[in-house]
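>
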Amino acid sequence: VISPVFTIATTRMSRIFALMSSQGATPGHIRLAVLAYGLVAGILGASVGAALGVGAATVSWMLTYPGWPLTVPWGYVALLWLLAVIASTASALLPAWVAARASISAGVQGAAPDRLLRWRPWMAVGPVGLMLLAVVTGVMWLTVDHGVISYYGPLPALAFVVLLAASAPALVWAMGRMGRSVPLAWRLALRDAGRQSLRSVPALAAIMAVVAMSVAFHAGSQAARERSYDLYESVYESQSILITPERQGEYSARERDVEDVVSHILSVTGPAERTTLRGVRPDWHGESFYEINYGGFCRTQPASEQCALWERHDRVSGPLEWASGSFLEASPEMLDLLRIDAPVDLTAPAILVPRDTVVEELSLQDKVYHPDSDTYELLDEVTLPVLPVLPELMSATIITPAGLAEIGAPVNYVGTVLTPAEEVTFDMRRDIAAWVQEETVGTTVNILPLNNRPEWWPAAFAGILGLGVVVVITLVLALSWQGARRQFALLDAVGSTPSLPSRVSGAFAALLALAGSLTGVVFGYLAAWLMSSRTLVHPTGVVMETGTVGYLVPDWRLLLILLVATPVLAWAVGSLFHRRPGELEYRET
Numbered sequence: 008v009i010s011p012v013f014t015i016a017t018t019r020m021s022r023i024f025a026l027m028s029s030q031g032a033t034p035g036h037i038r039l040a041v042l043a044y045g046l047v048a049g050i051l052g053a054s055v056g057a058a059l060g061v062g063a064a065t066v067s068w069m070l071t072y073p074g075w076p077l078t079v080p081w082g083y084v085a086l087l088w089l090l091a092v093i094a095s096t097a098s099a100l101l102p103a104w105v106a107a108r109a110s111i112s113a114g115v116q117g118a119a120p121d122r123l124l125r126w127r128p129w130m131a132v133g134p135v136g137l138m139l140l141a142v143v144t145g146v147m148w149l150t151v152d153h154g155v156i157s158y159y160g161p162l163p164a165l166a167f168v169v170l171l172a173a174s175a176p177a178l179v180w181a182m183g184r185m186g187r188s189v190p191l192a193w194r195l196a197l198r199d200a201g202r203q204s205l206r207s208v209p210a211l212a213a214i215m216a217v218v219a220m221s222v223a224f225h226a227g228s229q230a231a232r233e234r235s236y237d238l239y240e241s242v243y244e245s246q247s248i249l250i251t252p253e254r255q256g257e258y259s260a261r262e263r264d265v266e267d268v269v270s271h272i273l274s275v276t277g278p279a280e281r282t283t284l285r286g287v288r289p290d291w292h293g294e295s296f297y298e299i300n301y302g303g304f305c306r307t308q309p310a311s312e313q314c315a316l317w318e319r320h321d322r323v324s325g326p327l328e329w330a331s332g333s334f335l336e337a338s339p340e341m342l343d344l345l346r347i348d349a350p351v352d353l354t355a356p357a358i359l360v361p362r363d364t365v366v367e368e369l370s371l372q373d374k375v376y377h378p379d380s381d382t383y384e385l386l387d388e389v390t391l392p393v394l395p396v397l398p399e400l401m402s403a404t405i406i407t408p409a410g411l412a413e414i415g416a417p418v419n420y421v422g423t424v425l426t427p428a429e430e431v432t433f434d435m436r437r438d439i440a441a442w443v444q445e446e447t448v449g450t451t452v453n454i455l456p457l458n459n460r461p462e463w464w465p466a467a468f469a470g471i472l473g474l475g476v477v478v479v480i481t482l483v484l485a486l487s488w489q490g491a492r493r494q495f496a497l498l499d500a501v502g503s504t505p506s507l508p509s510r511v512s513g514a515f516a517a518l519l520a521l522a523g524s525l526t527g528v529v530f531g532y533l534a535a536w537l538m539s540s541r542t543l544v545h546p547t548g549v550v551m552e553t554g555t556v557g558y559l560v561p562d563w564r565l566l567l568i569l570l571v572a573t574p575v576l577a578w579a580v581g582s583l584f585h586r587r588p589g590e591l592e593y594r595e596t
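Residue numbers (this note's numbering): 8 to 596.
1) Check for me: the alpha helix (DSSP H) holding Thr33 runs from which residue to which?
2) Pull up the distance between the alpha-carbon of Pro395 and that of Leu359, whole angstroms please.
3) Just checking my contact of Val549 with Arg319 at CB under 8 Å: how many whole Å lie between their CB atoms?
4) Determine, using beta carbons only, whether Ala522 and Leu171 come nearer to each other than 8 Å.
5) To the nearest angstrom, report how far apart Arg541 and Gly531 are at their CA atoms.
6) What is the DSSP secondary structure of Gly286, counted as helix, strand or coil?
7) Start and end of the alpha helix (DSSP H) containing Met138?
8) Mind listing, in chain order, the continuous beta strand (DSSP E) runs of no fewer than 3 residues lying wholly within the segment 523-571?
9) I need the DSSP call for Gly422, collapsed to helix, strand or coil.
10) Would you mind giving the Cβ-Cβ distance between Phe334 and Ile406, rounded to the nearest angstrom? I have them listed as a contact below 8 Å.
11) Which of helix, strand or coil does DSSP assign to Phe515?
12) Tell me which residues share the same chain as Glu429 and place their Cβ nearer than 8 Å to its Cβ, disregarding the 5 neighbours each side in the sequence.
13) Quick check on DSSP: helix, strand or coil for Val479?
14) Among the candidates Tyr72, Tyr83, Ala219 and Ile471, whose CA atom is the shortest distance from the CA of Leu533?
15) In terms of residue numbering, what span does the beta strand (DSSP E) encompassing Ile248 cover?
16) From Ala440 to Val452, what does the alpha carbon distance come to, in whole angstroms?
17) With burial defined as no fewer than 16 other Cβ atoms inside 10 Å of the residue's Cβ, what is the status of Asp343: buried or exposed?
18) Relative to the C-alpha of Val393, which candidate in Gly31, Arg346 and Thr404 has its C-alpha closest?
19) Can you tell me the Cα-Cα spacing of Ser112 and Leu46, whole angstroms?
20) How long is the line joining the alpha carbons of Gly470 and Ala166, rounded to whole angstroms?
21) Can you tell me whether Val179 is buried or exposed? The criterion is at least 16 other CB atoms within 10 Å of its CB, across all chains shown.
22) Give me, in chain order, the residues of the same chain whose beta-carbon lies closer than 6 Å to that of Pro574; leave out the 5 immediate sequence neighbours on both sides.
23) Residue range of the alpha helix (DSSP H) that Thr276 falls in?
24) In the DSSP assignment, find the unbroken beta strand (DSSP E) run with Glu298 in it and report its ends.
25) Identify whether Ala279 lies in helix, strand or coil by the three-state DSSP scheme.
26) Among the residues of its own chain, which have a CB less than 8 Å from the CB of Leu273, if the five just before and after it don't count?
27) Determine the extent of the beta strand (DSSP E) in which Phe334 is found, giving its start and end residues.
28) Thinking C-alpha only, which one of Trp88, Pro209, Ile250 and Met185 is nearest Thr447?
29) So what does DSSP say about Asp434, is it helix, strand or coil?
30) Return the residue from the list Val168, Thr144, Thr364 and Ala330 that minimises the CA-CA distance to Leu397.
31) List the residues that DSSP assigns as beta-bridge partners of Val366.
32) Out of curiosity, what's the CA-to-CA distance linking Arg437 and Ile454?
33) Give a yes or no on contact between the segment 132-145 and the segment 94-101, applying the rule of three or more CB pairs nearer than 8 Å.
34) Spatial neighbours of Pro252 within its chain, please: C-beta separation below 6 Å, excluding the five flanking residues on both sides.
35) Does the separation of the CB atoms of Gly527 and Val169 fall below 8 Å?
36) Is Thr547 closer than 8 Å to Glu312 when the C-beta atoms are compared?
Rendered as structure tokens:
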């Protein structure tokens, strides 16, 4: 983002660099001088930013947690400071290369070697590198496990950003070859993009890199969110609110402890169905514990369909999964929360399992652990039939009351589930979370499925990103004011209309915004696709993991704001530069 600042500032120092060359300075000396400028700017900026950041965090901590000490992770602060200095120095690489190749005669007159009128072989580095990276990453996406790709993901992501920025000269050259039949102002703006590459190339590189990274992050998070919602809706009928109380006494919980919380939630959400959860809590500290013995099925038949069903990676974040019970006691009200079509008989001892389960019975064991010998002793075991009625992705263990009674497991209150009649909005979630944090101790409220973003967030995200693009373009136009005025003075001399300079500036700003945003959006979604996960299917046909690639859908709000509203706003801001309210003002050049 700060590369345009260094590049345009370097053009203003062309006379100084020309004088250095006349006194015997080599191109290497000039490159080092510009890099030193970036290094010093990085040290100053990183130091001020670190001081302000630590100070703001300290004040926020003191106001939020008065009396509690704050431990500053100085190691991470130092690492961020170092990365900021390195980034600032790297941002000066392009202006350092440009300044080193300037001629003495042109530099003394204040000119800079920034014209991209002819194609040069080095311009192909960025586009060719992007194509090769896309091919390599695509092959990896199809052949390599997604966990490996996620682990090494930062490396291709870094190469992607660097190569995308390196493609800016080729894009500027292509823009300069367009527009032979467009209106005069747009034709001049396209020509200026190639003739003044020191302001167009860094700006395009910054816009493309930032937009691509932001769009890739946004698209990936949206796809993961939609996948999570889809998995939730395959198991549960509607939204739900799980309330779990704090532990009381000897690790027992009481339903009356959450009555105040339930009353407040109902006052916020309106009427809701109430379901009481009972089961064997994992914090029950008796002499023994209970578990289901799945036997050596997967050891003897590792490639079987049932083993694949037990080893599925898809996990649903629902109220029964979040409930703090190792075993839940089945009840008609609990089953009403789930997508179950047929009625279920809960009177007989049984273990409820997903409807695609193949086995017919499982054993429930009562064990005790001896830490001295590091062994387990089996106290009791009962074999129970299974009822394959639950949704396929249900991972909570549900046992009928008669089944828990056969093993003698202690059944206690686990939590309360509320199913509101109306949708719980983001504002409701925020109000409930704030009240629970201030008024309760130990009580946990989970509104499921999880949603940490309001509905208007994608539009706000795109708006902030678009404003950032306009700010970069405005900064470029402001820093290149003097050079542009000299150019427009030549147009004045040949009798151009007074409004032409402002129209050219507006067109130039709109072109930068459109070209940078469009390229960033395209490659951002491409990066999101390459970093997404694919659906994994077992040889038996069982879906082991649902990938996010099927949920990657372009967001029309993001496209509308970045590709329409942002160029229009950039055109309006750019038109404010070089206005001529009165008669033509000629400037001596």
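All residues carry an ideal CB built from backbone N, CA and C; glycine is no exception. These figures come from a predicted structure and were not determined experimentally.
Taking the coordinates as given:
1) Position 26 of the sequence shown, counted from the start, is the residue given in the question as residue 33. Where Thr33 is concerned, there is no enclosing alpha helix (DSSP H), given that its DSSP letter is neither H nor E.
2) Locating residue 395 in the sequence shown gives position 388, counting from the first residue. Locating residue 359 in the sequence shown gives position 352, counting from the first residue. For Pro395 and Leu359, the distance between alpha carbons rounds to 6 Å.
3) Working through the sequence shown from its first residue, we reach residue 549 at position 542. Working through the sequence shown from its first residue, we reach residue 319 at position 312. Confirmed, about 7 Å.
4) Against the sequence shown, residue 522 aligns to sequence position 515. Against the sequence shown, residue 171 aligns to sequence position 164. Taking 8 Å as the Cβ cut-off, Ala522 and Leu171 do not qualify as a contacting pair.
5) Here the question's residue 541 lines up with position 534 in the sequence shown. Here the question's residue 531 lines up with position 524 in the sequence shown. Roughly 18 Å between the two C-alpha positions.
6) Numbered from its first residue, the sequence shown carries residue 286 at position 279. It is a strand residue.
7) Position 131 of the sequence shown, counting from 1, holds the residue named residue 138. Segment Val132 to Thr150, the alpha helix (DSSP H) holding Met138.
8) 550-552
9) For this step, residue 422 is matched to residue 415 along the sequence shown. Strand at Gly422.
10) The residue you call residue 334 lines up with position 327 of the sequence shown. The residue you call residue 406 lines up with position 399 of the sequence shown. About 5 Å; that satisfies the 8 Å criterion.
11) Here residue 515 corresponds to residue number 508 of the sequence shown, with the count starting at 1. Helix at Phe515.
12) Counted from its first residue, the sequence shown places residue 429 at position 422. Result list for Glu429: Thr276 and Gly277, in chain order.
13) For the purposes of this step, residue 479 is taken as the residue at position 472 of the sequence shown. Val479: helix per DSSP, three-state reduction.
14) In the sequence shown, the residue the question calls residue 533 occupies position 526. It is Ala219 whose Cα lies nearest to the Cα of Leu533.
15) Numbered from 1 along the sequence shown, position 241 holds the residue referred to as residue 248. Run containing Ile248: Ser247 to Thr251, per the beta strand (DSSP E) assignment.
16) As a first step, residue 440 is located in the sequence shown; it is residue number 433 there, counting from the start. As a first step, residue 452 is located in the sequence shown; it is residue number 445 there, counting from the start. When rounded, the distance between both Cα atoms is 8 Å.
17) Counted from its first residue, the sequence shown places residue 343 at position 336. Classification for Asp343: exposed.
18) As a working note, residue 393 is residue 386 in the sequence shown. Ranking Gly31, Arg346 and Thr404 by Cα distance to Val393 puts Thr404 first.
19) On the sequence shown, residue 112 is found 105 positions in, with the first residue counted as 1. On the sequence shown, residue 46 is found 39 positions in, with the first residue counted as 1. Low confidence applies here, because Ser112 scores a pLDDT of 47, under 50, leaving its location unreliable; read the following figure in that light. Near 28 Å, if we compare the C-alpha coordinates of Leu46 and Ser112.
20) Translated into the one-based positions of the sequence shown, residue 470 becomes position 463. Translated into the one-based positions of the sequence shown, residue 166 becomes position 159. If you take the alpha carbons of Gly470 and Ala166, they lie about 27 Å apart.
21) Numbered from 1 along the sequence shown, position 172 holds the residue referred to as residue 179. With 16 or more other Cβ atoms within 10 Å, it is buried.
22) Here residue 574 refers to the residue found at position 567 when the sequence shown is read from its first residue. Ala517, Ala520 and Leu521.
23) Residue mapping note: residue 276 aligns to position 269 of the sequence shown, counting from 1. Here the alpha helix (DSSP H) through Thr276 covers Glu266 to Thr276.
24) Here the question's residue 298 lines up with position 291 in the sequence shown. Here the beta strand (DSSP E) through Glu298 covers Phe296 to Asn300.
25) Working through the sequence shown from its first residue, we reach residue 279 at position 272. Three-state result, Ala279: strand.
26) For the purposes of this step, residue 273 is identified with residue 266 of the sequence shown, where counting begins at 1. Within the same chain, Leu273 has close Cβ partners Ala279 and Leu425.
27) Against the sequence shown, residue 334 aligns to sequence position 327. Unbroken beta strand (DSSP E) run through Phe334: Phe334 to Glu336.
28) As a position in the sequence shown, residue 447 is number 440, starting the count at 1. The shortest Cα separation from Thr447 among Trp88, Pro209, Ile250 and Met185 belongs to Ile250.
29) The count along the sequence shown starts at 1 and reaches residue 434 at position 427. Helix, per DSSP.
30) As a first step, residue 397 must be located in the sequence shown, where it is residue number 390. Cα-wise, what sits closest to Leu397 is Thr364.
31) What you label residue 366 is simply residue 359 of the sequence shown in a count that begins at 1. Answer by DSSP bridge pairing: none, since Val366 is not bridged.
32) For this step, residue 437 is matched to residue 430 along the sequence shown. For this step, residue 454 is matched to residue 447 along the sequence shown. If you take the alpha carbons of Arg437 and Ile454, they lie about 10 Å apart.
33) no
34) The sequence position of residue 252 within the sequence shown is 245, counting from 1. Around Pro252: Ala260, Asp264, Val265 and Thr450.
35) Translated into the one-based positions of the sequence shown, residue 527 becomes position 520. Translated into the one-based positions of the sequence shown, residue 169 becomes position 162. Not a contact, by the Cβ cut-off of 8 Å.
36) What you label residue 312 is simply residue 305 of the sequence shown in a count that begins at 1. What you label residue 547 is simply residue 540 of the sequence shown in a count that begins at 1. In this structure, Thr547 lies closer than 8 Å to Glu312 by Cβ.
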